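Residue numbering for the sequence shown follows the working numbering, beginning at 1433 and increasing consecutively. By construction, the Cβ of each residue, glycine as well, lies at the ideal position given by its N, Cα and C atoms. Computed from a predicted model, the values in this text were never measured in an experiment. Take a look at the structure set out below.
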Amino acid sequence: MKEASRTTINVTLKKRCKDSGSWHMTITNWKQDRSIEVIKNGATFVLREKGHQHLQKKNLNRQKVMALVQKQIDVEFPGSHKMYLEIN
């Protein structure tokens, strides 16, 4: 896992969303007790959140997943300027 700012996460997600392959991205806080996972499988996305809220949203498009990630980062990591990012 590498340390990343909110801007870096946004740019990375935007670039990865354009890829045609499958991938898995995990965003966690410093204590790693909360996480947001974005999974791309073909043309659809799955968003999983584990933290204050536990939710899973399936069959999302690129615009919807980017908006949801921004919203959930604000909910899960309100005071965090640095987070950890892992991409598989």
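For my contact list, residue i and residue j are in at a C-beta cut-off of 8 Å; report their separation, rounded to the angstrom.
i       : j       : result
Val1507 : Leu1445 : 16 Å between Cβ atoms; not a contact.
Do residue j and residue i come within 8 Å of each other at the CB atom, strictly closer than that value?
i       : j       : result
Ile1441 : Ile1459 : yes
Lys1514 : Ser1437 : yes
Asn1473 : Ser1512 : no
Lys1463 : Leu1479 : no
How is residue i classed by DSSP in three states: helix, strand or coil?
i       : result
Ala1436 : strand
task: With a floor of 3 residues, list each beta strand (DSSP E) that falls wholly inside the region 1450–1511, ordered by position along the chain.
output: 1455–1460, 1467–1473, 1476–1482 and 1486–1492
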